[in-house]
Amino acid sequence: PASACLLLMLLAPPPAAPSCPMLCTCYSSPPTVSCQANNFSSVPLSLPPSTQRLFLQNNLIRTLRPGTFGPNLLTLWLFSNNLSAIYPGTFRHLQALEELDLGDNRHLRSLEPDTFQGLERLQSLHLYRCQLSSLPGNIFRGLVSLQYLYLQENSLLHLQDDLFADLANLSHLFLHGNRLRLHGNRLQGVHRAAFRGLSRLTILYLFNNSLASLPGEALADLPALEFLRLNANPWACDCRARPLWAWFQRARVSSSDVTCATPPERQGRDLRSLRGAEAGAPPADPSTLYRDLPAEDPRGRQGGDAPTEDDYWGGYGGE
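Under mature numbering (1 follows the signal peptide of the UniProt record, and there is no 0), the letters of the sequence shown match residues -18 to -1, 1 to 301, in that order.
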């Protein structure tokens, strides 16, 4: 009897592998499910639990709910859908996830504060072209491994205090080396502590927004900054320009033009070339405005060295 049972076990067919969802293509190494461009209105059911890469872009998916995705996912592409709601806890158990692309979902106008809770290994997060008008203050909290963050082409009006505080490893904010690229957001306000914690950021793109002024304190939190693009903003070159003007007197960065829009008598001039009195600055050394800045910056320039022309007018040609 025992031998008969053993024989039956040996002759029994192996358990069936999880089937590939209809209209999708599956690959075994690495475990991948590709379901793009199928007009799906929801995520297919019965995804193989071993799936590591899931491609669902270019569909009509409207909502995402908890329990939809398996815990082994490393890559999840959901760009170019009709997402309008991501329910709390949807991604909470995806602790291995490294890349999440939610870009080009034009109905995704807001996100819950805990949307990305639990994604401690996430390295790349795409939120471009989603019509986001605001970001909760702790939306990126806990994303300690994040290196790439795409926020371009939204409708953001403000960046909140300490928005990026947990992103100590952030090096790319868009696509090209160590960059914060927020152009095209119609951005109107940047809080003085918005960039706190971004000690590795070297390139900051804020061009083509609606900024009239920028707190010098916000830029003082970026000790590694090398390239700064502020063009195509309606800069006010009156007393509101003083913090930014004073920062430029101290900083060693390559910058785009910072063209004055107001007042009329300064229209077309570059904010960086204003005389101190025109920017509302007192005759005292402007560096005293930033006592918390290090005496020597990370690139070896002594705080007392006179800025050179390259510090002010060096350009950066990338888009």
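Cβ atoms here follow ideal geometry from the backbone N, Cα and C, with glycine treated the same way.
| Item | Value |
| --- | --- |
| Span of the alpha helix (DSSP H), counted from its first residue to its last, around E199 | G198 to A202 |
| Cβ-based burial, Y132 [other Cβ within 10 Å; buried from 16] | buried |
| Residue closest to R254, alpha-carbon to alpha-carbon, out of T244, D239, P245 and P246 | D239 |
| P245 classed as buried or exposed, judged by whether at least 16 other C-beta atoms fall within 10 angstroms | exposed |
| Closest residue to L5 among V25, F122 and Y69 (Cα-Cα distance) | V25 |
| Of the residues L42, N41, Q77 and S66, the one placed nearest G52, counting alpha carbons only | Q77 |
| Start and end residues, alpha helix (DSSP H) containing A228 | R224 to R232 |
| Per DSSP, cross-strand counterpart(s) of R35 | T14 and T57 |
| Limits of the unbroken beta strand (DSSP E) element including T50 | Run containing T50: none; DSSP gives neither H nor E here. |
| Residue nearest to S106 in terms of C-alpha spacing, selected from S236, G100 and L82 | L82 |
| Helix, strand or coil at S255 [DSSP, three-state] | helix |
| Outcome for E247 when other beta-carbon atoms lying within 10 angstroms are tallied against a minimum of 16 | exposed |
| Environment of N21 [buried if 16+ CB atoms lie within 10 Å] | exposed |
| Three-state secondary structure assigned by DSSP to E81 | strand |
| As assigned by DSSP and simplified to three states, the class of R248 | helix |
| Best match in L210, L29 and D144 for proximity to L180 [C-alpha to C-alpha] | D144 |
| Rounded straight-line distance, which links the Cα of F98 to that of A228 | 38 Å |
| Sequence-distant residues of the same chain with beta carbon closer than 8 Å to F189, five excluded per side | H165, R211, L212, N213, A214, N215 and S238 |
| Classification of T33 by the beta-carbon crowding that lies within 10 angstroms, buried from 16 upward | buried |
| Identity of the residues DSSP links to R211 by a beta bridge | Y187 |
| Residue of L104, L149 and I68 minimising C-alpha distance to R91 | I68 |
| Neighbourhood of P13 by C-beta distance below 8 Å, restricted to the same chain and skipping five residues each side | P30, S32, T33, Q34, R35 and N54 |
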